[in-house]
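Colleague: Start counting the sequence shown at 31; every next residue gets the next number (the numbering used here). For reference, the structure I am asking about is given below.
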Amino acid sequence: MRFPLSWIRQFVPIPEDIEKLSRGFTFSGTEVDEAIEEDGDTIFDFGFTVNRPDLMNVFGLAREASSIFGLPRPAYGASPVHSGEPIGKSLSIEIADPALCPRYRALLIRGAKVGESTPAMKKRLLACGLRPINAVVDATNYVLLEYGHPLHAFDMKFIKGNRIVVRRALPGEKLLMLDGVERKLGEEMLVIADGSRPLVVAGVMGGEEAGVTFLTRDILLEGAVFDPSSIRRTSKALNVHTDASHRYERGVDFDGPVLALEKAAEMITELCGGKLAEGCIDVVPSPPRREKIVLRTARLKKILGIDVPEKDAVSILESLGFTLEKQGEGLYQVQSPSFRVDVSREIDLIEEVTRIHGLDKLPSNLPVNIDAESGRNPAVAIEDEVKARLASKGLSEAIHLSMTDPETNSLFSDGPGTVKISNPLSEASSVLRRSLLPNLLTTVKRNLSYGRRGLSLFEAGRVYTARGPGAVTEEPRLALIFSEDESSRSFNQPPSRDLFALKGVLEFLFGSFGIDAEFVKSTPPMKVFSEDHFLEIIVGGKKAGFLAYLDPASLHAMDIRNRVSAAELDTGSFHGAKLPQFKPFSRFPASKRDISLVVPSSTSWESVRKTAEGQGIETLSRVELIEIYEDMKIGEGMKSVTLSLFFKANDRTLSDKEVETNMAVVISALRDRLGALIRQE
Numbered sequence: 031m032r033f034p035l036s037w038i039r040q041f042v043p044i045p046e047d048i049e050k051l052s053r054g055f056t057f058s059g060t061e062v063d064e065a066i067e068e069d070g071d072t073i074f075d076f077g078f079t080v081n082r083p084d085l086m087n088v089f090g091l092a093r094e095a096s097s098i099f100g101l102p103r104p105a106y107g108a109s110p111v112h113s114g115e116p117i118g119k120s121l122s123i124e125i126a127d128p129a130l131c132p133r134y135r136a137l138l139i140r141g142a143k144v145g146e147s148t149p150a151m152k153k154r155l156l157a158c159g160l161r162p163i164n165a166v167v168d169a170t171n172y173v174l175l176e177y178g179h180p181l182h183a184f185d186m187k188f189i190k191g192n193r194i195v196v197r198r199a200l201p202g203e204k205l206l207m208l209d210g211v212e213r214k215l216g217e218e219m220l221v222i223a224d225g226s227r228p229l230v231v232a233g234v235m236g237g238e239e240a241g242v243t244f245l246t247r248d249i250l251l252e253g254a255v256f257d258p259s260s261i262r263r264t265s266k267a268l269n270v271h272t273d274a275s276h277r278y279e280r281g282v283d284f285d286g287p288v289l290a291l292e293k294a295a296e297m298i299t300e301l302c303g304g305k306l307a308e309g310c311i312d313v314v315p316s317p318p319r320r321e322k323i324v325l326r327t328a329r330l331k332k333i334l335g336i337d338v339p340e341k342d343a344v345s346i347l348e349s350l351g352f353t354l355e356k357q358g359e360g361l362y363q364v365q366s367p368s369f370r371v372d373v374s375r376e377i378d379l380i381e382e383v384t385r386i387h388g389l390d391k392l393p394s395n396l397p398v399n400i401d402a403e404s405g406r407n408p409a410v411a412i413e414d415e416v417k418a419r420l421a422s423k424g425l426s427e428a429i430h431l432s433m434t435d436p437e438t439n440s441l442f443s444d445g446p447g448t449v450k451i452s453n454p455l456s457e458a459s460s461v462l463r464r465s466l467l468p469n470l471l472t473t474v475k476r477n478l479s480y481g482r483r484g485l486s487l488f489e490a491g492r493v494y495t496a497r498g499p500g501a502v503t504e505e506p507r508l509a510l511i512f513s514e515d516e517s518s519r520s521f522n523q524p525p526s527r528d529l530f531a532l533k534g535v536l537e538f539l540f541g542s543f544g545i546d547a548e549f550v551k552s553t554p555p556m557k558v559f560s561e562d563h564f565l566e567i568i569v570g571g572k573k574a575g576f577l578a579y580l581d582p583a584s585l586h587a588m589d590i591r592n593r594v595s596a597a598e599l600d601t602g603s604f605h606g607a608k609l610p611q612f613k614p615f616s617r618f619p620a621s622k623r624d625i626s627l628v629v630p631s632s633t634s635w636e637s638v639r640k641t642a643e644g645q646g647i648e649t650l651s652r653v654e655l656i657e658i659y660e661d662m663k664i665g666e667g668m669k670s671v672t673l674s675l676f677f678k679a680n681d682r683t684l685s686d687k688e689v690e691t692n693m694a695v696v697i698s699a700l701r702d703r704l705g706a707l708i709r710q711e
């Protein structure tokens, strides 16, 4: 929005230095996009943020400048002369929908002669991008630019029944608007009507019939407060955006109509003559409740990281129009001014202090949890390493939105806790995901429809759970999914994307971070998982996730015919893990020993491996599984496990005696702890 500096200087003596002035506004949050020299005046083109409608006018900018540059606070007012018959004898006003219009105020001018506005007024309107029309309309636009509150002027002779009703539009109503276009009004739209028809679409644009012309003699001036969301919906539905709707959509000062109407009435009577009727009509069915905000000055240092003296913080807030009552040491109750519709929390007050105190005074220290070498948060660095390792194993990364389908979402989450979106794009994305798997399955289904037979996918993201009213927890997760069409494999070709392949990927992933993870068979918590193939992932004695086949019946219901294995785990399992460090390769050869054991069928390979590795043998470099074999010849309830043990030292070649001694230790532990027997061929 464009505003001449000479107009702002009418209210406060801002600096003549354009660079200083521009920096002051910009670094306090009111960005100056451009400085334009025009007709001997400098015009600033401001880029206002949507939460600051109070700045979208000359007086608001003057008020802001007084705080930024330490100048006296500006004053605004008018003293029109009221005379003649009271307005109440010529007009009645009714608000039928107080929720959408909490205030409606009106003044009446009788016997005016509408002419053109002064050259100076026209010049300022043109400088701000508005076209002069006539003295009355120009005066309302002038006050809008100067004070920030939209006004509207009616020709009284077109108000039937001398009655104004603020109501919603009736079915089938239409209005020929000031831009010459007749529009059909929706029943949710708020209108200003007389006794029989709508005259104005409230907060957006007036109708042509009751508009002020050079033939108008009696002028009704109105200023109101409307619900911002209602005006926004109406403006979008009608595809009409005006200076008035731009401000109403963002919220206006509840007390704004009082001064704005007085100023406009004073200007109109000076320009057009006439008499301002005694009194006013001010209908306020829903006065607002302005709650006080608690400010703890100790929070300033905690949030900003610097000391702002208490007296300075108090002085800044008072200069911005806030009223403070001291309640104790460093504790205040703060009442925000009516024009600051954007301030309702303590953090808002801290922001106000910060931007006036000076953003350039904030320290440029690095946060303590930033890695000095790479500049990344350690958790982000670990997550990136996880992704890189999965990609190295041939998995493709998938990225989805956090919204998902509630039906599929419920398959992977039990009990209450689903977070519903209040204004979803569609039913298929109406809840926040509680698992990463629903969206991954959607991707599997889509790829199947394109003829893609096999998939290996992973996704790192966040899941969301409602813990109570207004409380939502956000947790980091990692999900992997393998999908393969068994019919597409050649004869006798082993599966490449089954549960065991996925388990191997997870073992590689945990092993690459030096994390000891266990896979324990368990009962699935939900029907979507196969009963016979569900493993809990245990890290550090705590459940970190699961690995499972998905139930074929559930997959068929989603129109997925492939066999699908999936895993999901908390990425917090990797936090704190040390990234692998390079160690020189040993120049000496390893010694390998194979051994076949006979163990109970219930004995897992995991327990065999851990027992072998847990004997504190420094030269045991790794343990590998060769095969697991079950046969009646071995014995009922028994199985054979064949494994390889590799022994290696960094400083020498191991002797046979050293290797055999270590083998004896491993075999003894397997016998004692697992009841293993050495298998004899």
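Even for Gly, the Cβ is constructed at its ideal location relative to N, Cα and C.
(1) For E67, count the other beta carbons within 10 Å of its own beta carbon; 16 or more makes it buried, fewer makes it exposed. Which is it?
(2) What is the C-beta distance between E61 and F76, in whole angstroms, given that I count them as a contact (C-beta under 8 Å)?
(3) Mind checking which residues open and close the alpha helix (DSSP H) that includes A699?
(4) What is the rounded straight-line gap between the Cα of C131 and the Cα of S259?
(5) Exposed or buried, A328, counting other C-beta atoms within 10 Å across all chains shown (16 or more means buried)?
(6) Thinking C-alpha only, which one of M31, E94, K266 and R82 is nearest R39?
(7) Using the three-state DSSP reduction, which class does E300 fall into: helix, strand or coil?
(8) How many angstroms separate the CA atom of F530 from the CA atom of V594?
(9) Kindly indicate which three-state DSSP category T434 falls into: helix, strand or coil?
(10) Is the CB of S96 under 8 Å away from at least one CB in chain D?
(11) Between L155 and V88, is the Cβ-Cβ spacing less than 8 Å?
(12) Within a Cβ cutoff of 7 Å, which residues of the same chain sit near T633, ignoring the five residues on either side of it in sequence?
(13) Please give me, in chain order, every unbroken run of the alpha helix (DSSP H) with length at least 4 that falls completely inside the segment 88-127.
(14) Hey, could you find the ends of the beta strand (DSSP E) A183 is sitting in?
(15) Counting pairs of Cβ atoms below 8 Å between the segment 201-212 and the segment 152-166, do you hit three or more?
(16) Who does K551 pair with in a DSSP beta bridge?
(17) Ignore the nearest five residues each way along the sequence and tell me which others in P34's own chain have a CB closer than 6 Å to its CB.
(18) Go to V671, then tell me how far its alpha helix (DSSP H) extends in each direction, as first and last residue.
(19) In three-state DSSP terms, what is A136?
(20) Short check: CB of A307 to CB of G114, under 8 Å?
(21) In whole angstroms, what separates the C-alpha of S252 from that of A65?
(22) Following the continuous alpha helix (DSSP H) through G541, name the residue where it begins and the one where it ends.
(23) Could you give the C-beta distance for V173 and K305, rounded to a whole number, given that I count them as a contact under 8 Å?
(24) Between the alpha carbons of E489 and V416, how many angstroms are there, rounded?
(25) Three-state secondary structure (DSSP) at R623?
(26) Within the chosen definition, does the segment 365-379 reach the segment 417-435 through at least 3 CB pairs nearer than 8 Å?
(27) Could you round the C-beta distance between G281 and P83 to whole angstroms and report it? I think they count as a contact, below 8 Å.
(28) On the DSSP bridge assignment, give the partners of E654 in chain order.
(29) Please determine, among V695, V288, M207 and L470, the residue with the shortest C-alpha to C-alpha distance to L508.
(30) Following the continuous beta strand (DSSP E) through G77, name the residue where it begins and the one where it ends.
(31) Check D312 in the structure and name its three-state DSSP category.
(32) How about E381 and V324: are their beta carbons less than 8 Å apart?
(33) Note the first and the last residue of the continuous alpha helix (DSSP H) segment covering K50.
(34) Is I123 closer than 8 Å to I194 when the C-beta atoms are compared?
(35) Under a Cβ-count criterion, where at least 16 other Cβ atoms within 10 Å of its own Cβ denotes burial, should V221 be classed as buried or exposed?
(36) Near V111, what residues of its chain come up, given a Cβ to Cβ distance below 6 Å and the 5 sequence neighbours on each side ignored?
Modeller: Looking at the atomic coordinates:
(1) exposed
(2) 7 Å
(3) D686 to L704
(4) 12 Å
(5) exposed
(6) E94
(7) helix
(8) 12 Å
(9) strand
(10) This model lacks chain D altogether, as it is built from one protein chain only.
(11) no
(12) L704
(13) 88-98
(14) H182 to D185
(15) no
(16) L565
(17) D71, I73 and A157
(18) Unbroken run through V671 is the beta strand (DSSP E), M668 to F677; no alpha helix (DSSP H).
(19) strand
(20) yes
(21) Checking the sequence shown, residue 252 turns out to be Glu, not Ser. Using only the alpha carbons, I get a separation of about 34 Å.
(22) L529 to S542
(23) That pair is no contact at about 20 Å.
(24) 10 Å
(25) strand
(26) no
(27) 6 Å
(28) S674
(29) L470
(30) D71 to G77
(31) strand
(32) no
(33) I48 to T56
(34) yes
(35) buried
(36) none
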